[in-house]
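First residue of the sequence shown: 1, per our numbering; consecutive thereafter. To start, the structure under review is shown below, and the notes come after it.
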Amino acid sequence: MRRALLIAGLLFLGLAVAGGWVWSSLYLPYQGFAAPGVYVDVPRGASSRTIARLLASQGVVRNRWVFEALSRRFGRPLQAGEYYFDHPVTASEVFDTLADGRVYVRELVIPEGYSMFDIADLVAREDFLSRDEFLAAASDPAPIRDLAPNAKSLEGFLFPATYGFPRHPSGQAMVDAMVKRFRQEWSTISEQPPPAQQPNAQQPYAQPSSAQFPPLEKVVTLASLVERETPIPDERPLVAGVFANRLRQGVPLQCDPTVVYALELAGQYTGTLEAREIPFDSPYNTYRHTGLPPGPIANPGEASLRAALAPTKTDYLYFVANTEGGHFFSKTLEEHNRNVAKYRQRLAAERNAAHSTDSAPPGPERGHAQKSP
């Protein structure tokens, strides 16, 4: 009898120890890795056993057998991806993290008006991937063939927004996310009434009367010029109106950013547009060619897309920067030349003031003087 009691006591003690071990493996926070944290890359299609072994080997869970049993008990699939753990967590919390697919992401902000070259520089600078890798993906227009059959690249369709990416995404994954966001935004914009039905709007495009909207490629191209010309959202429909007037009259748009883009395509842009480069031979150069360039020169945001769809009705044919972020607008060349002189006087005064106070001179203007038709 005494022996039976001893055996029963030992069994109970063993079960208690085992239960305590399982309980601690499940519910006590654990950190078997060094600070500041550890990244765990869960392969696609990996079994719960493989994932449990991986987590235990990197010190995220206390025991791989207990974690595997937990996974089998709940039956929820564990999602592939890269996860980051920077503090002690329980096995249950680890399971929920993987089952919910809460993968590690880094934020990337694409400003309005960035070209694909600007974005490529940004993603390389932020160490997501190389410049060439991004440009290789952005140069393939296949993801937007249904929207823009004649597009030469994804330029114009990489929507400026805030994105969350893993540490080292592929270039294709990045451009796919940006194109997806463009489609979402365009779907919202296109639900508005056609531009011709909106008050104070004009239609600069030649299109069949049965079409609700102008060809998307032309809208995005005009929007990209507007985006690059002015940072002021409220001014964009007016800038679009000036371009619309010049398009209808067959006057060259004479848009400096198109020359910059032509130089970028040729790998010859040095960061500053020089007067001697204005005649640069390219179909994108709107000083040499009338009409819109062959495609977008940047990636416009919502305000510029709406402005391109509904340019303001105006008599203006010219605009020039006013050194305050906006522009002077004018109807005649004589008035425009006075505005150009005013701009140059202001710019000289600002530079002199900056020089006298030993401060940095004002940055390059955004926009340019529209020249004589």
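Quick reminder that beta carbons are idealized off the backbone N, C-alpha and C, glycines included. For clarity, every value in this text was computed on a predicted model and none was experimentally measured.
* To do: Going by DSSP, name the residue or residues bridged to Val-38.
  => On the sequence shown, position 38 is the one that residue 38 refers to. The partner list for Val-38 (beta bridge, DSSP) reads Phe-85.
* DSSP three-state call for Gly-241: helix, strand or coil? -> Indexing the sequence shown from 1 puts residue 241 at position 241. Helix at Gly-241.
* Asked: With respect to the alpha helix (DSSP H) encompassing Leu-70, which residues constitute its N-terminal and C-terminal limits?
  -> Position 70 of the sequence shown holds residue 70. In the DSSP annotation of this structure, the continuous segment of the alpha helix (DSSP H) that includes Leu-70 starts and ends at 64 to 74.
* **Spatial neighbours of Pro-111 in its chain, beta-carbon cut-off 7 Å, leaving aside the 5 residues before and after** => As a position in the sequence shown, residue 111 is number 111, starting the count at 1. The answer, listed in chain order, is Pro-160.
* Could you check what DSSP says for Tyr-287 in three-state terms: helix, strand or coil? => Along the sequence shown, read from residue 1 onward, the residue named residue 287 stands at position 287. Correct three-state label for Tyr-287: coil.
* **Pick from Val-60, Tyr-27 and Asp-127 that is closest to Tyr-39, judged by C-alpha positions** => Your numbering for residue 39 matches position 39 in the sequence shown. Checked all of Val-60, Tyr-27 and Asp-127; the closest Cα to Tyr-39 is Val-60.
* Determine the contact status of Val-260 and Leu-273, defining contact as a CB-CB distance below 8 Å. => The residue you call residue 260 lines up with position 260 of the sequence shown. The residue you call residue 273 lines up with position 273 of the sequence shown. In contact: Val-260 and Leu-273 (Cβ atoms closer than 8 Å).
* Between Glu-68 and Arg-183, what straight-line distance do the alpha-carbon atoms span, to the nearest angstrom? -> Taking the first residue of the sequence shown as position 1, residue 68 is located at position 68. Taking the first residue of the sequence shown as position 1, residue 183 is located at position 183. Spanning the two alpha carbons is a distance of roughly 41 Å.
* **Integer Cβ distance of Ala-307 from Arg-236, believed to fall under 8 Å** => Locating residue 307 in the sequence shown gives position 307, where the first residue counts as 1. Locating residue 236 in the sequence shown gives position 236, where the first residue counts as 1. Contact between Ala-307 and Arg-236 holds: their C-beta atoms lie close to 4 Å from each other, under 8 Å.
* Asked: Can you give, in chain order, each stretch of the beta strand (DSSP E) that sits fully within the stretch 83 to 167 and has at least 3 residues?
  -> Here the runs fully enclosed are 106 to 109 and 162 to 165.
* Asked: Which residues bound the beta strand (DSSP E) around Phe-319?
  -> One-based indexing of the sequence shown puts residue 319 at position 319. Counting along the chain, the unbroken beta strand (DSSP E) around Phe-319 starts and ends at 318 to 321.
* Asked: From Asp-281 to Gln-249, what distance separates their C-alpha atoms?
  -> One-based indexing of the sequence shown puts residue 281 at position 281. One-based indexing of the sequence shown puts residue 249 at position 249. As the crow flies, the alpha-carbon of Asp-281 is around 23 Å from that of Gln-249.
* Leaving out five residues before and five after Thr-290 in sequence, what residues of the same chain have Cβ atoms less than 6 Å from its Cβ? -> Within the sequence shown, the letter at position 290 stands for residue 290. Excluding its 5 nearest sequence neighbours in each direction, Thr-290 has C-beta neighbours in its own chain below 6 Å: Gly-250 and Pro-252, listed in chain order.
* Asked: Distance, Cα to Cα, Glu-82 vs Ala-136?
  -> By one-based count along the sequence shown, residue 82 stands at place 82. By one-based count along the sequence shown, residue 136 stands at place 136. Rounded to the nearest angstrom, the two C-alpha atoms are 24 Å apart.
* Give me the Cα-Cα distance between Val-226 and Phe-165, rounded to the nearest whole angstrom. => Within the sequence shown, residue 226 is the residue found at index 226, counting from 1. Within the sequence shown, residue 165 is the residue found at index 165, counting from 1. Rounded to whole angstroms, Val-226 and Phe-165 show a C-alpha spacing of 29 Å.
* Asked: Who pairs with His-327 in a beta bridge, going by DSSP?
  -> Residue numbering aside, residue 327 sits at position 327 when the sequence shown is read from its first letter. According to DSSP, His-327 bridges with Ala-321.
* Distance between beta carbons of Pro-293 and Thr-230, contact taken as under 8 Å -> Position 230 of the sequence shown, counting from 1, holds the residue named residue 230. Position 293 of the sequence shown, counting from 1, holds the residue named residue 293. No, Thr-230 and Pro-293 are not in contact; Cβ-Cβ is about 18 Å, not under 8 Å.
* **Spatially closest choice to Lys-152 from Glu-217, Arg-62 and Gln-254, by CA coordinates** => Along the sequence shown, one-based indexing puts residue 152 at 152. Just measuring C-alpha positions, the residue of Glu-217, Arg-62 and Gln-254 sitting nearest Lys-152 is Glu-217.
* **Sequence-distant residues of the same chain with beta carbon closer than 7 Å to Gly-241, five excluded per side** => Along the sequence shown, one-based indexing puts residue 241 at 241. Counting only Cβ-Cβ distances below 7 Å, and skipping sequence neighbours, we find Gln-202, Pro-311, Thr-312, Lys-313, Thr-314 and Tyr-316.
* Asked: CB-CB under 8 Å to Lys-331, same chain, minus the five flanking residues each way: which ones, in chain order?
  -> Your numbering for residue 331 matches position 331 in the sequence shown. Within the same chain, and ignoring the five residues on either side of Lys-331 in sequence, the residues whose Cβ sits closer than 8 Å to its Cβ are Asp-315, Tyr-316, Leu-317 and Tyr-318.
* Anyone know if the C-beta pair for Pro-88 and Pro-29 falls short of 8 Å? -> Residue 88 sits at position 88 when you count from the first residue of the sequence shown. Residue 29 sits at position 29 when you count from the first residue of the sequence shown. Cβ atoms of Pro-88 and Pro-29: closer than 8 Å.
* Asked: Taking the alpha-carbon positions, what's the Gln-254 to His-168 distance?
  -> What you label residue 254 is simply residue 254 of the sequence shown in a count that begins at 1. What you label residue 168 is simply residue 168 of the sequence shown in a count that begins at 1. When rounded, the distance between both Cα atoms is 40 Å.
* Short check: CB of Pro-300 to CB of Ser-224, under 8 Å? -> Translated into positions along the sequence shown, residue 300 becomes position 300. Translated into positions along the sequence shown, residue 224 becomes position 224. Going by C-beta atoms, Pro-300 is nearer than 8 Å to Ser-224.
* To do: Determine, using beta carbons only, whether Ala-120 and Phe-134 come nearer to each other than 8 Å.
  => Position 120 of the sequence shown, counted from the start, is the residue given in the question as residue 120. Position 134 of the sequence shown, counted from the start, is the residue given in the question as residue 134. Yes; because the gap between Cβ atoms is below 8 Å, this pair is in contact.
* Spell out a yes or no on whether the stretch 74 to 81 and the stretch 100 to 110 are touching, meaning 3 or more CB-CB pairs, one atom from each, closer than 8 Å. => Remark: three or more beta-carbon pairs, one from each stretch, lie closer than 8 Å, so the stretch 74 to 81 and the stretch 100 to 110 are flagged as touching.
* Asked: Is Ser-356 helix, strand or coil when you go by DSSP?
  -> The residue given as residue 356 occupies position 356 in the sequence shown. Annotated three-state conformation of Ser-356 is helix, per DSSP.
* Asked: Can you tell me the Cα-Cα spacing of Arg-346 and Val-105, whole angstroms?
  -> Counting from 1 along the sequence shown, the entry for residue 346 is found at position 346. Counting from 1 along the sequence shown, the entry for residue 105 is found at position 105. Their backbone Cα atoms lie some 45 Å apart in a straight line.
* Which residues in the same chain as Leu-129 place their Cβ atom closer than 8 Å to its Cβ, once the five residues preceding and following it in sequence are excluded? -> Within the sequence shown, residue 129 is the residue found at index 129, counting from 1. For Leu-129, where only same-chain residues beyond five positions count, the Cβ hits under 8 Å are Val-123, His-168, Pro-169, Ser-170, Gly-171 and Met-174.
* Length of the line joining the Cα atoms of Asn-337 and Gly-326 -> Position 337 of the sequence shown, counting from 1, holds the residue named residue 337. Position 326 of the sequence shown, counting from 1, holds the residue named residue 326. Those two C-alpha atoms are separated by around 17 Å.
* Anticipated Cβ contact below 8 Å, Leu-154 with Pro-143, distance rounded -> What you label residue 154 is simply residue 154 of the sequence shown in a count that begins at 1. What you label residue 143 is simply residue 143 of the sequence shown in a count that begins at 1. That pair is a contact at about 7 Å.
* **8 Å contact criterion, which Ile-297 and Arg-228 should meet: CB distance rounded** => Here residue 297 refers to the residue found at position 297 when the sequence shown is read from its first residue. Here residue 228 refers to the residue found at position 228 when the sequence shown is read from its first residue. With a Cβ gap of about 6 Å, Ile-297 and Arg-228 count as contacting.
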